[in-house]
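Novice:
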Amino acid sequence: MRRTPPPSRLRIAWALLILGVLGLVLAAVLVPPPAAPDRSVDLALPTRPDPYAPTGSAMIAEPMPEDDELPIVVRGAEPEEAASDGPGEVVISVLDTPGRTPRAPHEGNPATPPAAPDPGLTRSTPDGPVPARGADGRTPFEAYRRTQKAGEGASLGVVLSGLGLDPALTERALALPPEVSLAFAPYARGLPSLIERARSAGHEVLIELPMSTPGVAPAALGPAALSAERDARGNDRRLAWLLARAPAYPMVTNYLGAGFSRDEAAMGRLMARVAEAGLGYVDDTGAAAGAARIAGVPYAATDRLITPEDGNPAAALRAAAAAARPGRVSLVKVYASDDAVTAIERFLAEPRVGVVPASSAVRTQ
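Take the sequence shown: its letters are residues 1 to 365, numbered as in full-length UniProt numbering.
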């Protein structure tokens, strides 16, 4: 009878190795791994709203100093480290800012947006329909202004001027909060459509009247510019075209015009036409108050003019806000540029002073 030889040591070793591997595989499949520890991240959120956030975005707390603009990791793991360290849950807690009391977002005073265009407040001319006083005594100024009372504190009216010539810049301006008044160049293409879009968004609208000024070539002001050196008939013809650039708006404003505004006869004729149209007038030369008073035109003079040559529109806006006093609306006109629009966006995100439409600064007769 033949006997089966005993297994060799090598075979026994291989068998044990295979059994061990199978055991590890089964353990990995059947036994769950230990839970990864949670990672805790505590954040202090920035307390200024994003200047590019949608209108109405709330602030979380009082403003911090300038160097606290960005989120700060107060304690615990860095967010990137916690998120990449295994499958554990990342717990993020918002910390109260020490020494700061959260408050409700600032809301402006209730406002009545500009009314829809009213055929009863226009008259027909060879250049098209122009604003005019209604048979019932109403005026385009009263109908198309944005009615908003200033608060008890200091208030600032902001006019963004020179719009309509740069499409991208104009789109940014139209997206600003409606408290900002928008002034359009008369040579803008599709001006009635732009003005209607601005009105529908709640903005108060002005049309610029280009005027002669020392040191500026007449050609730079365009063919419809008013000039004290031109006869009255020539200026009247140009003014008629300017006023007919759109049928429904509340105010006009000068574009340059330091020389023209100081000519009493020329300004007297201009204000008579503005009064006939039932419009208001915003003046950045400071020279038209007398003519406006005589003609009975609702009038406001700017307290500060901010031009691209100033170099820092943000600083100029802050200075204007600092100079504003309770019980009076200060008025600023800002000539449009990318930097100026960005400065206005950021300024509006800061609760320094209440911003109101330009007509809030107007004196009526």
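We put the CB at the ideal spot given by N, CA and C, even for glycine.
Every value quoted in this text rests on a predicted model; they were computed, and no experiment measured them.
1. Taking DSSP as the reference, what is the three-state secondary structure of residue 119?
2. Are residue 301 and residue 286 close, meaning C-beta to C-beta below 7 Å?
3. Less than 7 Å between CB atoms is the rule here; does residue 223 satisfy it with respect to chain D?
4. Is residue 359 buried or exposed, if buried means 16 or more other CB atoms sit within 10 Å of its CB?
5. Within a Cβ cutoff of 7 Å, which residues of the same chain sit near residue 279, ignoring the five residues on either side of it in sequence?
6. Using CA coordinates, which residue listed in 160, 191, 164 is at the minimum distance from residue 178?
7. Compute the Euclidean distance between the alpha carbons of residue 255 and residue 224, then round it to the nearest angstrom.
8. Residue 268 to residue 291, Cα distance in whole Å?
9. Grouping DSSP H, G and I as helix and E and B as strand, with all else coil, what is residue 343?
10. From 181, 259, 334, 124, pick the residue whose C-alpha is nearest to that of residue 200; which is it?
11. When you compare only the Cα positions, how much space is there between residue 308 and residue 114?
12. In the DSSP assignment, the alpha helix (DSSP H) including residue 170 goes from what residue to what residue?
13. Should residue 193 and residue 212 be called a contact, given that it needs their Cβ atoms to be closer than 7 Å?
14. Would you call the region 229-248 and the region 118-131 in contact, with 3 or more CB pairs under 8 Å?
15. Assign residue 354 to one of two classes, buried (16 or more other C-beta atoms within 10 Å of its C-beta) or exposed (fewer than that).
16. Between the C-alpha atoms of residue 295 and residue 289, what's the straight-line distance to the nearest angstrom?
17. Leaving out five residues before and five after residue 313 in sequence, what residues of the same chain have Cβ atoms less than 7 Å from its Cβ?
18. Who are the Cβ neighbours of residue 210 in its own chain at under 6 Å, not counting the five residues just before and after it?
19. Should residue 172 be labelled buried (16 or more other beta-carbon atoms within 10 Å of its own) or exposed?
20. Return the chain-ordered list of same chain residues with a C-beta closer than 6 Å to the C-beta of residue 337, the five sequence neighbours on each side being excluded.
21. Figure out for me which residue from 155, 129, 163, 319 has the closest Cα to the Cα of residue 401.
Specialist: Looking at the atomic coordinates:
1. As a working note, residue 119 is residue 119 in the sequence shown. If DSSP states are grouped into helix, strand and coil, residue 119 belongs with the helices.
2. As a working note, residue 301 is residue 301 in the sequence shown. As a working note, residue 286 is residue 286 in the sequence shown. Contact flag set, yes.
3. As a matter of chain content, chain D is missing from the structure shown, which is built from one protein chain.
4. The residue given as residue 359 occupies position 359 in the sequence shown. It counts as buried.
5. The residue labelled residue 279 in the question sits at position 279 within the sequence shown. 131, 140, 141, 250, 251, 252.
6. Translated into positions along the sequence shown, residue 178 becomes position 178. Nearest option by C-alpha distance: 160.
7. On the sequence shown, residue 255 is found 255 positions in, with the first residue counted as 1. On the sequence shown, residue 224 is found 224 positions in, with the first residue counted as 1. Taking the straight line joining both Cα atoms gives about 12 Å.
8. Sequence index remark: in the sequence shown, residue 268 carries index 268 (1-based). Sequence index remark: in the sequence shown, residue 291 carries index 291 (1-based). Approximately 5 Å between the Cα atoms of the pair.
9. Within the sequence shown, the letter at position 343 stands for residue 343. Reduced to three states, the DSSP call for residue 343 is helix.
10. Within the sequence shown, residue 200 is the residue found at index 200, counting from 1. It is 181 whose Cα lies nearest to the Cα of residue 200.
11. Taking the sequence shown and counting its residues from 1, one reaches residue 308 at position 308. Taking the sequence shown and counting its residues from 1, one reaches residue 114 at position 114. Cα to Cα, the separation comes out at about 29 Å.
12. One-based indexing of the sequence shown puts residue 170 at position 170. Start and end: 167-174.
13. Along the sequence shown, read from residue 1 onward, the residue named residue 193 stands at position 193. Along the sequence shown, read from residue 1 onward, the residue named residue 212 stands at position 212. Cβ atoms of residue 193 and residue 212: not closer than 7 Å.
14. yes
15. The residue given as residue 354 occupies position 354 in the sequence shown. It counts as buried.
16. Walking along the sequence shown from the start, residue 295 turns up at place 295. Walking along the sequence shown from the start, residue 289 turns up at place 289. Taking the straight line joining both Cα atoms gives about 10 Å.
17. Position 313 of the sequence shown, counting from 1, holds the residue named residue 313. Within the same chain, residue 313 has close Cβ partners 306, 334, 339, 340, 343.
18. The residue given as residue 210 occupies position 210 in the sequence shown. Here the set comprises 221, 222, 225, 255.
19. Residue 172 sits at position 172 when you count from the first residue of the sequence shown. Buried: at least 16 other Cβ atoms inside 10 Å.
20. Sequence index remark: in the sequence shown, residue 337 carries index 337 (1-based). Same-chain partners within the cutoff: 308.
21. Summary: the structure shown does not reach residue 401, with the chain confined to residues 1 through 365, and so no result is reported for it.
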